[in-house]
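Visitor:
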Amino acid sequence: MIVGSTDHNVYALDLKTGALKWKFDADAPVTSAPVVTDENVIITTSVGYVYALDKDRSPRWTFKAGYDATASVAGETVIVVSSDTHVYALDLRDGSLKWKFKAEEPIETAPVITSNTVVVGSSDPHVYALSLENGKLKWKTTIRRGVACLALACL
Numbered sequence: 001m002i003v004g005s006t007d008h009n010v011y012a013l014d015l016k017t018g019a020l021k022w023k024f025d026a027d028a029p030v031t032s033a034p035v036v037t038d039e040n041v042i043i044t045t046s047v048g049y050v051y052a053l054d055k056d057r058s059p060r061w062t063f064k065a066g067y068d069a070t071a072s073v074a075g076e077t078v079i080v081v082s083s084d085t086h087v088y089a090l091d092l093r094d095g096s097l098k099w100k101f102k103a104e105e106p107i108e109t110a111p112v113i114t115s116n117t118v119v120v121g122s123s124d125p126h127v128y129a130l131s132l133e134n135g136k137l138k139w140k141t142t143i144r145r146g147v148a149c150l151a152l153a154c155l
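My numbering numbers the first residue of the sequence shown as 1 and each following residue consecutively.
1. At the level of alpha carbons, what is the spacing between I143 and L130?
2. Quick one: any contact between the segment 71–81 and the segment 54–61, if contact means 3 or more CB pairs under 8 Å?
3. Pick from R93, A89 and S122: whose alpha carbon is nearest that of K136?
4. If you drop the 5 nearest sequence neighbours on each side, which residues of the same chain put their C-beta closer than 8 Å to that of T37?
5. How big is the Cα-Cα spacing for H126 and P34?
6. Between which two residues does the beta strand (DSSP E) harbouring S72 extend?
7. Where does the unbroken beta strand (DSSP E) through P59 begin, and where does it stop?
8. In terms of residue numbering, what span does the beta strand (DSSP E) encompassing L132 cover?
9. Assuming A110 and T70 make a contact with CB atoms under 8 Å, what is their CB distance in whole Å?
10. Quick one: give me the first and last residue of the beta strand (DSSP E) that T114 is part of.
11. Between the alpha carbons of A1 and F24, how many angstroms are there, rounded?
12. In chain order, what residues of the same chain have a beta carbon less than 6 Å from the beta carbon of A12, not counting five sequence neighbours either side?
13. What is the residue span of the beta strand (DSSP E) that A26 lies within?
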């Protein structure tokens, strides 16, 4: 189990016993859920740093986004949103920037990824659907007020 904390640390705990396996100092509060892949633990901090750690807590790469960053992973792409109005697509292997998209106001939701589409909500108040491949806008819908959360549903 991976636990992010406002004490600036990320903890790996044994799920059966709760024993501490390792700890990583992120230098800022970790306020979004860590994302665990086969090879990496992706963490984001309240001051906008994104870390890719290997399973033994060694940093593979770091990226600086805006404040209150949140991440999701689809295949070999890490999608990061933050209060700096951007959606970033990073290469999972090395953290290099694949593309970025600028919304009109801060992104307020965790990214939702389905098929080849990234969906995010903003305080501007729009829901944006972007191409996972290149970040191009597929569509934008206006909501009455700022978008606070998203969930994917087949209706």
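The beta carbon of each residue, even a glycine, is placed where N, CA and C say it ideally should be.
Guide: Taking the definition as stated:
1. 17 Å
2. no
3. A89
4. V73 and L92
5. 26 Å
6. T70 to A74
7. P59 to K64
8. First-last for L132: undefined, no H or E at that position.
9. 5 Å
10. V112 to T114
11. Sequence check: residue 1 is Met here, not Ala. Each residue's alpha carbon lies about 14 Å from the other.
12. I2, K21 and W22
13. No beta strand (DSSP E) holds A26; DSSP gives it neither H nor E.
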